[in-house]
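There are 2 protein chains.
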Amino acid sequence: MSAAFVHGVGTSRFGRQPGVGAPALVQQAVTEALDDAGVGDVRELDAVFAGTVFGAPGTAQRALQLLGITGVPILTFENACATSSTALHEARHAVLSGRFRRVLCLGVETMTLHFSGPITPEETDVEGRAGLALPGVYAMVASRYEHLYGLEPKALAAVSVKNRRHGALNPRAQHGAEVTAEEVLASRMVADPLTLLQCCDISDAATAAVIGGERGVGRDVRIAASALRSGELWDHRSTQPWGYELMARVAGDAWQEAGIGPEDVDLFEVHDAFTIGEITATEALGIAEPGGGCDLVLSGHTALGGRQPVNPSGGLLSRGHPLGATGLAQVAEAVWQVRGEAGARQVEGARVAAVETMGGGTAGIDGNGCVVVVLGG
Amino acid sequence: MSAAFVHGVGTSRFGRQPGVGAPALVQQAVTEALDDAGVGDVRELDAVFAGTVFGAPGTAQRALQLLGITGVPILTFENACATSSTALHEARHAVLSGRFRRVLCLGVETMTLHFSGPITPEETDVEGRAGLALPGVYAMVASRYEHLYGLEPKALAAVSVKNRRHGALNPRAQHGAEVTAEEVLASRMVADPLTLLQCCDISDAATAAVIGGERGVGRDVRIAASALRSGELWDHRSTQPWGYELMARVAGDAWQEAGIGPEDVDLFEVHDAFTIGEITATEALGIAEPGGGCDLVLSGHTALGGRQPVNPSGGLLSRGHPLGATGLAQVAEAVWQVRGEAGARQVEGARVAAVETMGGGTAGIDGNGCVVVVLGG
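Residue numbers (full-length UniProt numbering), protein chains in the order written: chain A, 1 to 377; chain B, 1 to 377.
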């Protein structure tokens, strides 16, 4: 195949949904994606590329059997927050190589099953257990950024305010309520300078997409590019904020493959697990120069109605961040936007969207993995 | 690429190694595999396809950074006991499609970190929590087999006796001591008719292989075929023992792709997590007719020195079954055998080997996934 397309997408609601369970969430997402793709019979699927971070072994098989999706190869990926973007990237390559004609991609996470509050670092995660869990890592990103370029608290707050405003237009969002900059900055300090309203919440959801190599009935969105790398070693000698170099490298791969640059993209869904993450992501993607991310968000460039909206879905801060389901949630938003189906949060005239998912997990390397996908065009 | 080859393999020791940890085990396995493949610089690797079942998110990245393996795409798969066979199968396809020139495959599991005794069923595993964990599932396999064909305890015991005898020749084996049929049958009952010495133990290990698309320095072993499917729904209307139909379907795929049949294979590594599993696997692979697996093992056909040795490494019962590391452990044995490097347990004149890994996890489907790989020829 010379190209791969997203034929259809679907998601459950996002939020703390204890007791709902992976099978029901998967059923909601997959049913919607199959309907959206016009797949009337699950036997049209050649394979399933699934992803979960904390889901039990066999989570995908257990849920999919209830939909009659059995017998085909079912792969399950883990790549931290980039888990289901990784599944999509791999599914795309499987389609491009001609191995499969139609692949179901699936992301699922039921975080409330495992955590009542923040993610507890694993026994083997010595950094995390010493306090350097992801809020701490991103706080260090902010500190480094402040040292390099200066960082005003109002710029961080502007990310939360913008994404909550976007999320208020998204009926599936976990945190649909708008917030003010004052509320963001006055909320409880989690890891200086990141306050509670600058940190994503734990969440339960499933997300799905049907990928194929042939144009279908006309609502397909072409995957113009996708790139994936893991991070390089990152230590006290690294001058850039954690994650920046990995994101920039993967974004460079994606722009090269797509044959376009960030200026050609109408909207972005990026990894705003913490406010500072969106600021560095916009720079790594090339929407702004290094150090220009604060002015970018403060200027309204990245708000709905601005030149290049970032996280029109509400992003991880507002829509929610169910780890293994997040990448395909971003892809779903991109597909809806490019099709003109995003309702009250539609980016006018959207033709090209880009998705960036950063998989963290350790501070010793510059990210476990990062995926950038370019859709449409 | 028209073919994919295993350039090199490596493993840690197998067994309960609490406190050693994934990074040290990975270092042992990967260092050996890279040396074996003649990879002098880790920058020759284009990607890593890793697998773990219970490992924490980022287990592969955390361990690989210590070896300087960073920056390339690192994928982590979960497919129950077939986890690292699945990684190998996918790596092979990535090489065949021309996407990567050289891929490191990795399996790692540190079960003693999570379990002091048997695997505790996950909260969402309602069958397992009700008692239908894998020993129970395989006990039902034995009951069904008994109903269909008759099943003498001495045939089950013969599998353990044979595989322990093989494992006694394997310096990396977890349980190297030989056992008698009387000892096997007199050991504590776990799930009728499966006694303790018919059940694999928990284990820690890492395993690795380097896969590529070009013949190297002459010790390469060709991957003649590999096949992967997930199970179909399996319930009270199914007439075959659990897992049989999936194994037979995947084996059929593999024989078709390889253009040979089981009669052309010199040795097998199969999924003997429980003794009955080896008996049904030998039938599903076509080494014996359905119902002929007991006579096959009792006749000595599958012992070292017999016509077609099964599990010359000692298998899961003797070498050990560190879930996510098992598939590549089987592949490593197959490679050593086909190269004539298996020492005291060498199968004379071995040219072709086949590996079968069955990934269980739920009784509601006929296996989460099964992989069959044909090597050599």
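For every residue, glycine included, the Cβ atom is placed at its ideal position computed from N, Cα and C.
Chain A contact residues for residue i, given Cβ-Cβ distances below 8 Å
i, result
"residue 229/B", "71, 72, 73"
"residue 53/B", "57"
"residue 223/B", "Residues of chain A passing the Cβ test: none, with the nearest at roughly 15 Å."
is_contact[residue i, chain A] using C-beta, thresh 8 Å
i, result
"residue 233/B", "yes"
"residue 93/B", "yes"
"residue 380/B", "Residue 380/B falls outside the range modelled here, since chain B spans only 1 to 377, and no answer is possible."
"residue 379/B", "Here chain B covers residues 1 to 377 and nothing more, so residue 379/B does not appear."
"residue 369/B", "yes"
"residue 113/B", "yes"
"residue 173/B", "no"
"residue 90/B", "yes"
Min CB distance residue i to chain B below 8 Å
i, result
"residue 12/A", "no"
"residue 365/A", "yes"
"residue 378/A", "Because chain A spans 1 through 377 in this model, residue 378/A falls outside it and cannot be assessed."
"residue 165/A", "no"
"residue 61/A", "yes"
"residue 245/A", "no"
"residue 109/A", "no"
"residue 80/A", "yes"
"residue 44/A", "no"
Nearest-angstrom Cβ-Cβ length linking residue i and residue j, presumed shorter than 8 Å
i, j, result
"residue 198/A", "residue 274/A", "6 Å"
"residue 369/B", "residue 80/B", "7 Å"
"residue 9/B", "residue 332/B", "4 Å"
"residue 192/A", "residue 130/A", "Wrong, their Cβ atoms sit about 17 Å apart, outside the cutoff."
"residue 358/B", "residue 142/B", "Not really, about 15 Å apart at Cβ, beyond 8 Å."
"residue 210/A", "residue 33/A", "5 Å"
"residue 323/A", "residue 208/A", "Between residue 208/A and residue 323/A the Cβ distance is about 16 Å, and since that is not below 8 Å, they are no contact."
"residue 84/A", "residue 55/A", "The pair is not a contact, with the Cβ atoms about 11 Å apart (cut-off 8 Å)."
"residue 72/A", "residue 47/A", "5 Å"
"residue 327/B", "residue 371/B", "6 Å"
"residue 304/B", "residue 163/B", "Between residue 163/B and residue 304/B the Cβ distance is about 10 Å, and since that is not below 8 Å, they are no contact."
Check: residue i C-beta below 7 Å from any heavy atom of the ligand SAM
i, result
"residue 67/B", "Ligands displayed in this structure: none; no statement on the ligand SAM is therefore possible."
Interface residues of chain A facing residue i [CB-CB closer than 7 Å]
i, result
"residue 65/B", "233, 364, 365"
"residue 317/B", "Near residue 317/B there are no residues of chain A at all, since even the closest Cβ is about 21 Å away, more than 7 Å."
"residue 86/B", "75"
Interface residues of chain B facing residue i [CB-CB closer than 9 Å]
i, result
"residue 209/A", "Correct list: empty, because the minimum Cβ distance to chain B is about 18 Å."
Chain D contact for residue i (CB, 8 Å cutoff)
i, result
"residue 184/B", "This model lacks chain D altogether, as its protein chains are A and B."
- Which residues, in chain order, does the segment 120-154 of chain A contribute to contact with chain B at a C-beta distance below 8 Å? So the close ones are 122, 123, 124, 125.
- Message: Pairs of beta-carbons, one from the segment 156-169 of chain A and one from the segment 254-266 of chain A, closer than 8 Å: are there three or more?
- Response: Flag = no, the segment 156-169 of chain A and the segment 254-266 of chain A do not touch.
- Message: Below 8 Å, how does it come out for the segment 131-138 of chain B and the segment 224-240 of chain B: are there three or more Cβ pairs, yes or no?
- Response: no
- Validate contact between the segment 265-279 of chain B and the segment 192-208 of chain B using beta carbons, cut 8 Å, 3 pairs: yes
- Message: Using a Cβ-Cβ cutoff of 8 Å, what residues of the segment 13-41 of chain B are near chain A? List them in chain order.
- Response: 21, 22
- Task: Determine which residues of the UniProt domain "Thiolase C-terminal" (244-361) of chain A have a Cβ less than 9 Å from any Cβ of chain B, and write them out in chain order.
- Result: From the UniProt domain "Thiolase C-terminal" (244-361) of chain A, only 246, 249, 323, 359, 360, 361 have a Cβ closer than 9 Å to chain B.
- Message: What are the residues in the segment 178-196 of chain B lying within 9 Å of chain A by C-beta distance?
- Response: none
- Task: Would you check if there are 3 or more beta carbon pairs closer than 8 Å linking the segment 166-173 of chain A to the segment 283-297 of chain A?
- Result: Contact fails: fewer than three Cβ-Cβ distances are below 8 Å.
- Query: With contact counted as at least three CB pairs below 8 Å, one residue from each stretch, are the segment 204-222 of chain B and the segment 26-41 of chain B in contact?
  - Reply: yes
- Query: Between the segment 54-62 of chain A and the segment 18-25 of chain A, do three or more beta carbon pairs fall short of 8 Å?
  - Reply: yes
- Query: Do the segment 338-356 of chain B and the segment 107-116 of chain B meet, that is, are 3 or more Cβ pairs less than 8 Å apart?
  - Reply: Cβ pair count under 8 Å is below three, so no.
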